[in-house]
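Notes for the one structure printed next.
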Amino acid sequence: MALASKPATLPRTSNFGWLRRVAWLERIGLLGVLLITLIAVFGPLALPFDPMLRVAEAYQPPGIAHWFGTDEIGRDLFSRVVLGVRYTWLPGLAIIAIALVIGTTVGVFAGMVGGWVDALLQRVVELFLVLPSTLIALAVVAALGPGLLNTMIAITIFWWPWYARMARDEVRRIRSRPHVEAARIAGVKGPRLMFRYLLPGAVPALLVAATLDVANIILTLSVISFLGLGLPAPAPELGAMTSRSVDSLTAYWWLPIIPALMIFAMSVLANLAGDGIRSALRGA
Amino acid sequence: MTLPPTSTEPEAPVLSIRGLHVRLSRDGDASTVLDGIDFDLARGEVVALVGESGSGKSTIGLTLQGLLPAEAQPEISGSVRLAGREIVGAKPHALREIRRSLVRAVPQDPMGALNPTMSIGAQLRESGLSADEVLDWLTRTGLPDPRRIASDLPHRLSGGQRQRVLIAMSMAARPRVLIADEPTTALDVTVQAQILTLLKDLAREHNTAILFITHDLAVAAELADRVMVLYGGRVAEVGDTRALITAPAHPYSAGLLSARFDLDSSRDRQLVTLSAEHLRDRPVGAHCNYVTRCPLAEADCSERRPDLVRVHHGRQVACFHADRVPGLLARVREAPGWPAPVSSDANALELYRITKSFGPGRTLLRPARQTQVLAGIDLRIRQGECVALVGESGSGKSTLLRIAAGLLDPDHGDVSWLGGVPPQVVFQDAVASLTPWLTVGEQIRDRLRPLGLSRREQDFRVAGALKLVGVDPALAGALPSELSGGQCQRVTVARAVVVPPKLLLCDEPISAMDVSLAAQTLNLLGGLRRSMGMAMLFVTHDLAAARLIADRIAVLEKGHLVEIGEPDQVISAPQAPYTKKLVGAVPRLAG
C-alpha cells in the first residue's frame, strides 16, 4: 500500500494570517477598543483633579489648566469624562458578557435537543423580542429604582433573547452538516457533542454580533441615563452629562459636545472592531 | 460582433503563450502557480490540459480570460497572444472585448453560471442573439424541444441540459478559443459522453480551438488532438494524444497512465498508484519539480531544471531521463496482490422491502405530492462481502445508503445489522465530514470513548489506526485544514476502522478525487475490508471503480434494483438496458 503522507512537521504558514484579512480601518477599531478598555480600567487611577469636587471657576472653556474646561459648578470636565468612560464602557461589556452566556446556553441547548423544549424556548424568546425593549427596560428601572446595577439588570433581561435565538439557529444549521452527522455516527453524543462539536461552530457568529452590539448597549445605557434613570446625579455618566448640559449648548458648547463625542467614538470603534473580528474569523 | 481579422495566416497559431509565469497569493503568502509555460494552439485544434489539482491547469484558463481573482494579487509575466492581441498587461476594457468575442468558457458548474431568475431564452438574447438564433443554437446543441427550453428557468433543466445551454451561449459568440474547465465532472457518466461529442462536433464545424482542462487522461483521449501534461506549474510533456498515451516520455505522464483504472484493469491485484512524495527535502535552487516523487530521479534532477525539449516529431518532454521511462512502465505493472479475505455466511446488512418517498404529504386542502425514491429494495450483504451500488444521480442510491446507515427512516421495510450494531460511514466529502476545530486525533479518539480505555491505550489505538491507513501518526495533533484532501479521506477511514465495524458504508468516496488518489483509496478500502472481514456497501456512479472494489454490483435505476450480480458478468453481459447504457458510457483509453 503506497503511503501518501506529508512530512510530520505541520505546514503552519503564519500565525498572523488573520491580521492580513483585517482592513486598516478595522485595525484602528480593534486598537481603539483596546485603548478605551485601558482608559476605563486604569484612567480613573491617575486623574488630574477630583471629578466630584469644585476645583476651579465654573464655565471655563477648554484650555491648558483644564483640557476639556470646567462645568457649571467648576468641576474638571476631563476628569469627569475619563471616569464617565469607565461608567459607560465597563457596564456595556458586562451586559454583553452576561447576555451572551445566558443566551448561548439556552440557545445551544434548545438547538441541540429540539422538539418541544426548542418550541417552548422559542416562544419565550419571541415574547421578549416583540416587546419594545428600551421602553420596557425603562419601566423595569423605574420599578426597581434608579441606579447602575438596576439599569444593567433591565438591559440584560431584554438582550439575552437575541443571542439565544442566534445560537439556536447556528446550532440547527451546524447540526445538519456532514461533520456533525459523521460525529454522531462515530458515537459522539450528549454534553460532548454540545460543547466540543456544536458550540465552537456557533461562537464566531455570536462573537461578531456581540461586538457590534457594544455600540447599541452604550447608546441604550446613555438613553436611560439621559432620562435620569441611570447612575444617580453626582456620578459622571456620559449620557447623563450630555443630557443635563444640552440646554447650554450655545453658550458653553464643550459641556454637551465632549461627552457626546466620546459616546460617538466608542460606538464607532466598537462597530469597526466587530467588523474586524468578523474579517479575522472568516478564514479560520 | 466579430473583430476584424488581425492575423488570419493559416499557419499563425490562434493562441501563443511564451514564458508565462503567474504568482498568486493567499493570506499574503505568494506562490508560483505557473512557472514558465510555452505553448501554441492552432486554429480549430483541441488540446487537453491534464494534471492533478494544484498543477496550475485552471490558472491557465483564467489567465487567458483575464479573470485571475484580484484578491490573489496576481503577478503575471511573459506573453499570451490571442489572435494577435496581447493579454498580459491589457487594460480592463480590452480584456472585456477579448472575453466577448475571442475567448469563451464553459464552466464546471452550469447552474452557478446561469441566472436563476431569468428564462434560458432571455439569457441567450442578452448576449445579442435574435429569438430565431436562440432557437437555432438550442437545436444545434441537441436539446429536445428548444421552444420549451427557451421559455424555462434554469432550475427546470437537468445538469446536462444546462451544460448544453452554456455551450450554446459560448459558441454563439463564435469565439476563436473555447476554454472548457472540467465541464463534465459534475454530470452523470451517460451524459458526459454526449457533452464531449457535442463539443468536438461544434469545434470542428466552427473551426474553434478548444482548451480542454481535465484530470482524466481517458476523457482527454476521447476528445483532444494533442495533450499537454502539467505538473507543479510546468509543462511536463506535450504531444499527439494517441502517441503520448501509448508511449509516455515523462515519468509523471507514465505514472498518471498506470494509475488510471478502467473496465479492463485487473481485479486480482491492487491498483498501481503514482509514487508518493518521498520523505526527502525539496532541493533549493534550480531543479526538476517532479524530483520528490520521481522513481527515476538522479543527482542531476536536483541540480538543474530540465527544459522542454523536442524528442521526436511533435513531442516535447521536460525530463533528463526520458529514455528510461518505457522501463518504468514495465516495472509498475507488478502491483501487490490483495490480503486473504475473511468471510462468513452471516448477513452483515439486511434490507427488506425498503420504500421511501419525499415531498409534501397530504393536507386538508390538497392531495400528497410525493415522489417515490425507493420502491421496495431487497438487499443482503454477507460478512466480508462488498456490494457496489451503482446508479445515476437521482437513482436513490444515496438515500438507500442513508437508510442503511440509520440516518434516515424508511417509509416501509426493515433494516437490520449484524448484532444490532450500527455501521460506520465514509462520506464523499472527507474534508466536510471532519470537524474543523478539533484535531484529527481527537476525532478518531471519540470512537474509543465508550470502551473505557486508559488515555495511553487510546493514544496507542489512534496511532495504530492512522498507521493502518497510511498517515503519519504524528499528524494526530493536526487540524483537518492542515492536511491534504487525500489525508483527510484516510483520516475518516481511520475513524471508521479504529474500532473495526462489521459493516462499512462508503458514499461516493472517490468521485471528487484525482486518478492517483482514487486508486490509492480503492487500494486502502479493498485491503482493509479483506483483512478485517468487514462487509461493505460502496455507493458510486463509477462502474470501473465498482468492478474493482466489489464482489457484487447492484444497479439502481429510479428506485428499483434492475440488476445484481458478479462484476465481470454485469459488465460483460449486462441484462438491463440501463446497465448497458452505463457500461457503454465508461471512457476507455484504448478506444
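From first to last, the protein sequence lines stand for chains Z and C.
Those letters in the first sequence? Residues 0 to 283, per numbering that gives the first Met the number 0, in order.
Those letters in the second sequence? Residues 0 to 590, per numbering that gives the first Met the number 0, in order.
Built from N, CA and C at the ideal position, the CB exists for glycine as well.
Beta-carbon proximity check, residue i vs residue j, cutoff 7 Å
i         : j         : result
Ile75(C)  : Val21(C)  : yes
His205(C) : Asp513(C) : no
Leu101(C) : Leu123(C) : no
Gly68(Z)  : Trp252(Z) : no
Gly275(Z) : Val21(Z)  : yes
Ile148(C) : Leu134(C) : no
Leu195(C) : Gly158(C) : no
Thr240(C) : Val228(C) : no
Ile94(Z)  : Ala209(Z) : no
Leu270(C) : Leu523(C) : no
Ala201(Z) : Val170(Z) : yes
Ala223(C) : Ala47(C)  : yes
Leu237(Z) : Thr36(Z)  : no
Asp70(Z)  : Phe48(Z)  : no
Arg295(C) : Leu255(C) : The residue you asked about is not Arg; residue 295(C) is Leu in the sequence shown. In this structure, Leu255(C) does not lie closer than 7 Å to Leu295(C) by Cβ.
Pro566(C) : Ala549(C) : yes
Gly390(C) : Leu555(C) : yes
Span of the alpha helix (DSSP H), counted from its first residue to its last, around residue i
i         : result
Ala334(C) : It is not in any alpha helix (DSSP H) - Ala334(C) carries neither H nor E in the DSSP assignment.
His205(C) : Val188 to His205
Leu399(C) : Lys396 to Ala404
Ile119(C) : Ile119 to Glu125
Gly238(Z) : Leu237 to Ser244
His92(C)  : Pro91 to Ser100
His178(Z) : Pro177 to Ile184
Ala462(C) : Arg454 to Leu467
Asp594(C) : Nothing can be reported for residue 594(C), as the shown portion of chain C is limited to 0 through 590.
Glu125(Z) : Gly114 to Val129
Thr210(Z) : Leu198 to Phe225
Trp252(Z) : Premise fails: Trp252(Z) is in no alpha helix (DSSP H) and is neither H nor E.
Leu34(Z)  : Trp23 to Phe41
Beta-bridge partners of residue i, as assigned by DSSP
i         : result
Lys355(C) : Leu373(C)
Cys385(C) : Met535(C)
Ala553(C) : Leu388(C) and Ile563(C)
Thr31(C)  : Arg22(C)
Asn346(C) : Arg381(C)
Leu40(C)  : Leu14(C)
Gly62(Z)  : DSSP lists no partner for Gly62(Z).
Thr69(Z)  : Asp75(Z)
Glu85(C)  : Arg80(C)
Ile75(C)  : Val21(C)
Ser252(C) : Paired residue(s): none; Ser252(C) is not in a bridge.
His311(C) : Arg314(C)
Cys505(C) : Val425(C) and Phe537(C)
Ala179(C) : Val105(C) and Phe211(C)
Gly238(C) : Val226(C)
His411(C) : Thr354(C)
Arg233(C) : Tyr230(C)
Span of the beta strand (DSSP E), counted from its first residue to its last, around residue i
i         : result
Met227(C) : Arg225 to Tyr230
Ile509(C) : From DSSP, Ile509(C) is part of no beta strand (DSSP E); its letter is neither H nor E.
Ile212(C) : Ala208 to Thr213
Leu48(C)  : Val45 to Val49
Whole-number beta carbon distance between residue j and residue i, since they are thought to touch under 8 Å
i         : j         : result
Gln427(C) : Glu481(C) : Not confirmed; about 21 Å, so no contact.
Ala166(Z) : Val107(Z) : 5 Å
Gly102(Z) : Trp159(Z) : 4 Å
Ala493(C) : Leu516(C) : Not really, about 16 Å apart at Cβ, beyond 8 Å.
Thr241(Z) : Pro255(Z) : 5 Å
Ile570(C) : Leu542(C) : 7 Å
Ala300(C) : Phe319(C) : The question names Ala, but residue 300(C) in the sequence shown is Cys. 6 Å between Cβ atoms; contact.
Inset, instruction - Could you run through the region 162 to 186 of chain Z and flag, in chain order, every residue whose CB is less than 9 Å away from some CB of chain C? - result: Arg176, Pro177, His178, Val179, Glu180, Ala181, Ala182, Arg183, Ile184, Ala185 and Gly186
Legend entry - the region 187 to 208 of chain Z: positions lying closer than 8 Å to chain C by Cβ: Val187, Arg191, Arg195, Tyr196, Pro199 and Gly200
Inset, instruction - Pull out every residue of the region 539 to 558 of chain C whose Cβ sits closer than 7 Å to any Cβ of chain Z, in chain order. - result: none
Inset, instruction - Output, in sequence order along the chain, the residues in the region 433 to 445 of chain C whose CB is closer than 9 Å to any CB in chain Z. - result: Leu433, Thr434, Pro435, Trp436, Leu437, Glu441, Gln442, Ile443 and Asp445
Legend entry - Cβ-based contacts, 8 Å cut-off: residues of the region 453 to 470 of chain C near chain Z: Gly469 and Val470
Inset, instruction - For the region 352 to 384 of chain C, enumerate the residues whose C-beta is nearer than 7 Å to any C-beta of chain Z, in chain order. - result: none
Inset, instruction - Note down, in chain order, all residues in the region 399 to 412 of chain C with a beta-carbon under 7 Å from any beta-carbon belonging to chain Z. - result: Ala404 and Leu406
Inset, instruction - Give the residues from the region 144 to 159 of chain C that approach chain Z closer than 8 Å (Cβ to any Cβ), ordered along the chain. - result: none
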